Amino acid sequence: MVGQRFVEDLRERDTDRTWQVTVFGAERQQAYDRVALSSCFDGVDPQTLDLVADGCYDGHDYVLHLAESVDAVDRAAQTVTTSLGRTVGYDALVLATGSSAFVPPVPGADLPGCFVYRTLDDLAAIRTAAERANSSSPNHPATSNPASSNRCAGIPSPAPTPLGLVVGGGLLGLEAARALRQLGLTVHIVEMADRLMPLQVDDGGGALLRRLVEQLGVTLHLGTFAAAITAAEPLAVPDASTTPANTPAPLTVPEPGTAPRTTAETGPAVDASGHLVVSLGDGTTLAADVVVFAAGVRPRDELARGAGLAVGERGGVVVDGGCTTADPAVFAIGECACIGGRVHGLVAPGYAMATLLAERLLGAEGRELGATDTSTKLKLLGVDVASFGDALASTAGALEVTVNDPVAGSYAKLVVSDDASTLLGGVLVGDASKYALLRPLVGRPLPGDPLSMIAPTGADSGASAGAVGVAALPADAMVCSCHAVTRGAIDTAIADSGLTSVADVKGCTKAGTGCGSCVPMLAALLAESGVAANPALCEHFDVSRARLADLVRTEGITTFSELVARHGHGRGCDICKPVVASILASFGNGHILDGEQGALQDTNDAFLANIQRNGTYSVVPRIPGGEITPAKLIAIGEVARDFDLYTKITGGQRIDLLGARVEQLPAIWRRLVAAGFESGHAYGKALRTVKSCVGSTWCRFGVGDSVALAIQLELRYRGLRSPHKVKAGVSGCARECAEARSKDIGVIATERGWNLYVGGNGGFRPRHADLLLTDVDAETLVRTIDRFLMFYIRTADRLQRTSVWLEALAAPTARPAATGGGTTHSGGTSSDGRSGGAGISTDTGTTGTVDLDGLDGLAYLRAVLVDDALGIADELDAAMDRHVATYHDEWAGVLEDPERLRRFASFVNAPDTPDPGITFVTERGQPRPVLLPLPTTGSPTGSPTATLPATPATAQTVMPAPRSDNPAGTPTGTPR
62 MVGQRFVEDL RERDTDRTWQ VTVFGAERQQ AYDRVALSSC FDGVDPQTLD LVADGCYDGH
122 DYVLHLAESV DAVDRAAQTV TTSLGRTVGY DALVLATGSS AFVPPVPGAD LPGCFVYRTL
182 DDLAAIRTAA ERANSSSPNH PATSNPASSN RCAGIPSPAP TPLGLVVGGG LLGLEAARAL
242 RQLGLTVHIV EMADRLMPLQ VDDGGGALLR RLVEQLGVTL HLGTFAAAIT AAEPLAVPDA
302 STTPANTPAP LTVPEPGTAP RTTAETGPAV DASGHLVVSL GDGTTLAADV VVFAAGVRPR
362 DELARGAGLA VGERGGVVVD GGCTTADPAV FAIGECACIG GRVHGLVAPG YAMATLLAER
422 LLGAEGRELG ATDTSTKLKL LGVDVASFGD ALASTAGALE VTVNDPVAGS YAKLVVSDDA
482 STLLGGVLVG DASKYALLRP LVGRPLPGDP LSMIAPTGAD SGASAGAVGV AALPADAMVC
542 SCHAVTRGAI DTAIADSGLT SVADVKGCTK AGTGCGSCVP MLAALLAESG VAANPALCEH
602 FDVSRARLAD LVRTEGITTF SELVARHGHG RGCDICKPVV ASILASFGNG HILDGEQGAL
662 QDTNDAFLAN IQRNGTYSVV PRIPGGEITP AKLIAIGEVA RDFDLYTKIT GGQRIDLLGA
722 RVEQLPAIWR RLVAAGFESG HAYGKALRTV KSCVGSTWCR FGVGDSVALA IQLELRYRGL
782 RSPHKVKAGV SGCARECAEA RSKDIGVIAT ERGWNLYVGG NGGFRPRHAD LLLTDVDAET
842 LVRTIDRFLM FYIRTADRLQ RTSVWLEALA APTARPAATG GGTTHSGGTS SDGRSGGAGI
902 STDTGTTGTV DLDGLDGLAY LRAVLVDDAL GIADELDAAM DRHVATYHDE WAGVLEDPER
962 LRRFASFVNA PDTPDPGITF VTERGQPRPV LLPLPTTGSP TGSPTATLPA TPATAQTVMP
1022 APRSDNPAGT PTGTPR
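Count the sequence shown with this note's numbering and you get residues 62 to 1037, in order.
Right, dumping it as structure tokens:
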């Protein structure tokens, strides 16, 4: 990565082509983003990690040799010799060989099944080993016992899941642990220090991080080390009738909640599942199928050593502040360079070195590498972790301000100077949302009370009064450390270049194109500069979600490919694909899992069920209005009993069945559909429930039949996809037992009819709904709700609740306005859809823009829905009628189609095999997922350094790009 960055910086600055550059890289691939290496386990195509722009290497001025490393340097002759025997001369030699994975001197570390986590090839090997372990597991069809049973008749009983062991609990170790977990292995982490990420987080943050990681089912062994690894031939489970009585019991992985078993307790190191036996320093013995060493990295300085150049005490090519070695013709940058006795293992310092050296080779003198930013922000095993500045408070007299909220799962610490005037550093675990603002303030006067800067915000917290915003950042504050972009540079670019979106800022300044942690700050700086928010949904669509909805509806677009071809660019992302999937479903486009549409869905929609923390799913059948017959109650009970599901009555008057494995879902649905149930859409951004009280039928205070109306509304709007979930409630009187005013749609019976409330919600920011209509009859009520929902679907932003949408309508610039034959958004949307905003096409022949600016949001909504101020009421009515007429239960749709059924399998190559990593215990008479780890014991302290997937010169950098078994190649520069 650093080598490629050097090439780009030199190429950009050397407009006269003073230098010819040759790059040697040991890997088969050209430079790729090692920081994002783990995304390959999320289904990301490795090709998308490529960092080399088209045309970067032209074969003449810039030449790249892959799979060819530099083996020797002759400084006297100024030549390098490559692994293919090629001898190449140079005027300037840049070493960007990066680093290699450090493997502790553990006996057996070189056995088959042991890996490092460093390159794409490493990841491919780990994936292959994990797949092999899963296929040979007793849970695999070839080895499972079909006569055994688990939570449902005919389901094989799970044996111990193949185990993956990660040696190293730093940044890279947690990345590797996540990868193994995604590959279906039970994961254990061994770390010599007494906490995870010892170089980045303190004891408090480490304690919370440990708890959050353990809750994911990862077992931690802290304060110990891998002492030895031995091979054990896999053994078939012996038959009791033929096994001698004195045969030693096979070594097994201890069950959760039991003490670790040592070799002395279990006998010989033989295991029936894993083929490696790992002995830890505290006496614990574990059977493992895959062992990954992620215990840090070591600089690749072999070429420098062989050439007689000085190296640091702990490795690394010694260079001065200008990245020059003792030989003025040889330079080193990135993880292989040792500056001031320190080797930097992060991207930002490496990029700074690359830029500095490019400038120096073009004649710039004097500037040297200054203080480097070692801040980090990552999501590790799903947990946000960030550290910046003096995170461990090593500065003399430093004070620590800490907010620890174990209930919310967050930990925040600021380190300040002894007089509490200067921010020195900090640690954030669980919630790292404040990182982008706090990091640039390191070394600067505190802009506010430090406690208020990290305290949780909320209506009652009192923290918001002392909160610090983007205005506190001075012009020279470093917003993007990856590319050394200051706040002042961004402000100037916004003003001088007329930038209006985050994508514009990224393209102009490169800020946000590195690790991406500063992207939220870019949006804040745009707003601070007075730039109106760009409605672009994402980088692939320059228009808003509302405008896309209008385009889909008016142009009859039925696929994502067609939409992106007409009105977007690229192949889409995890933002626009689910949004378009929802829009297509809102306007009726067949079953959501059919064809291309199936690939657009979020995780929950893709399986028509909500995924839970242990990988199982919840099943929530629809119970309209909360009314259910005894026969249907019995049917739910029988399904829960037969599939051993955890049952819970929800706040929406439904019954939640939790703990279903993905391959069980169709069988569960089949039983429920046969009993008269259908999908409750608890997984989708759609209508969830219409809650009701018993109403006038039973209650002596009731003045309206709330149950009948609730059932009518729920059956009418079931399956209606929307920008966010929608909840409703109907109360039979003003006593409000259904809590209707806390819903998106609330209906309360009166002596003269019904009152309609809209825009309420519970959750994190509760809001009472606003009264839209009073004392209306049922027909008017339903027609107005029809229009409210359809108008919301057409005009709301992505993931915008009705409460936020209604508040936004108070601003005239957020409203669509009808014009003749089309619409314009009052913020500037054209009727052809080439710019942002919400569009509402009309066939009313209205001319001129309807002026509703004098109305607040609620009055505006009333004018549109009741008075038809935009002339679109008939369209909205017809759209709802089409939805009602074309509704089809999604569960039943899956059961009717063998192709749709195929996706419901834990393993594609073994569709009838359950996920062996899912286990349960009984608690209060019901199954509960097992999330508790094995107990661990502490012992030795001290830990090898763990870093991000580092930046060894890859097969494309201008520095030698080494592999662990092959010295790196190197780029050479020749001035003309």
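Glycine included, every Cβ here is placed at the ideal spot set by N, Cα and C.
Keep in mind the model is a prediction, meaning the values are calculated, not measured.
May I have the straight-line CA-CA distance separating residue i from residue j, to the nearest angstrom?
i      : j      : result
Leu98  : Leu110 : 8 Å
Gly741 : Leu112 : 45 Å
Phe392 : Arg375 : 19 Å
His628 : Val613 : 10 Å
Ile187 : Arg256 : 26 Å
Ala19  : Thr386 : Only positions 62 to 1037 of the chain appear in the structure, and residue 19 is not among them; the question remains open.
Arg963 : Leu706 : 23 Å
Thr885 : Gly649 : Here Thr885 scores only 39 on pLDDT, less than 50, and its place in the model is too uncertain to base an answer on.
Ala114 : Gln65  : 10 Å
Asp973 : Ala190 : 22 Å
Pro685 : Val751 : 7 Å
Ala871 : Tyr921 : 8 Å
Phe729 : Val700 : In the sequence as displayed, the identity of residue 729 is Ile instead of Phe. Looking at the two C-alpha atoms, the distance is approximately 7 Å.
Thr142 : Phe85  : 11 Å
Ile809 : Ala799 : 9 Å
Would DSSP call residue i helix, strand or coil?
i      : result
Thr750 : strand
Pro207 : Here Pro207 scores only 35 on pLDDT, less than 50, and its place in the model should not be relied on; the value that follows carries that caveat. Note: Pro207 maps to coil in three-state DSSP.
Ser967 : coil
Ser196 : helix
Asn465 : strand
Pro535 : coil
Leu181 : helix
Leu341 : strand
Glu699 : helix
Phe392 : strand
Phe852 : helix
Ala795 : coil
Phe762 : coil
Arg271 : helix
Tyr778 : helix
Which same chain residues, not among the five before or five after residue i, have their C-beta less than 6 Å away from its C-beta?
i      : result
Met941 : Asp847, Met851
Thr285 : Leu341, Gly342, Asp343, Ser1000
Gly954 : His652
Val248 : Gly225, Ala238, Leu241, Arg242, Val279
Tyr818 : Arg802, Gly807, Ala830, Leu832
Gly814 : Asp836, Val837, Asp838
With hydrogens ignored, establish whether the beta-carbon of residue i is closer than 7 Å to any heavy atom of the ligand SAM.
i      : result
Gly687 : Among the components modelled here there is no ligand, and therefore nothing to report on the ligand SAM.
Say whether chain D places a C-beta atom closer than 8 Å to the C-beta of residue i.
i      : result
Asn195 : Among the protein chains of the structure shown there is no chain D, as only one such chain exists.
Measuring alpha carbon to alpha carbon, tell me which residue in the options is nearest residue i.
i       : options                        : result
His949  : Val131, Thr983, Val372, Arg782 : Arg782
Asp94   : Cys117, Asp77, Val63           : Val63
Asp1098 : Thr863, Ala268, Thr845, Leu962 : Here the chain has residues from 62 to 1037 only, and residue 1098 is not among them.
Val279  : Val563, Leu224, Pro877         : Leu224
Ala194  : Val149, Leu246, Phe176, Leu156 : Leu246
Asp77   : Ile806, Val339, Asp122, Gln91  : Asp122
Glu812  : Arg828, Thr835, Ile806         : Thr835
Lys474  : Ser753, Gly266, Gly780, Thr435 : Gly266
Arg500  : Arg608, Cys175, Met582, Asp805 : Met582
Considering only residues of the same chain and omitting the five flanking positions on each side of residue i, which have a CB-CB separation below 8 Å?
i      : result
Ala306 : At Ala306 the pLDDT is 35, less than 50, meaning the model places this residue with poor confidence; the figure from the coordinates comes in the next sentence. Excluding residues within five positions, none has a Cβ falling inside 8 Å.
Ala536 : Thr547, Arg548, Gly549, Asp552
So, at 7 Å on beta carbons, what are the nonlocal neighbours of residue i in its own chain, with the 5 sequence-adjacent residues on each side left out?
i      : result
His630 : His601
Arg359 : Ser160, Ser161, Phe163, Gly376
Thr758 : Asp766, Val768
Cβ pair count under 8 Å reaching 3, the stretch 416-424 against the stretch 227-236: By the criterion of at least three beta-carbon pairs nearer than 8 Å, the stretch 416-424 is not in contact with the stretch 227-236.
Segment contact flag, the stretch 484-501 with the stretch 436-455, C-beta cutoff 8 Å, min 3 pairs: With a cut-off of 8 Å on Cβ pairs, the stretch 484-501 is in contact with the stretch 436-455, counting three or more such pairs.
The stretch 684-699 in contact with the stretch 757-764 per 3-pair CB rule at 8 Å: Flag = no, the stretch 684-699 and the stretch 757-764 do not touch.
Stretch-stretch touch, CB-based, cutoff 8 Å, three pairs: the stretch 727-741 with the stretch 784-791: Too few Cβ pairs lie closer than 8 Å, so no.
The stretch 360-379 / the stretch 129-144 touching (three or more Cβ pairs under 8 Å): Between the stretch 360-379 and the stretch 129-144 there are three or more C-beta pairs closer than 8 Å, enough to call the two in contact.
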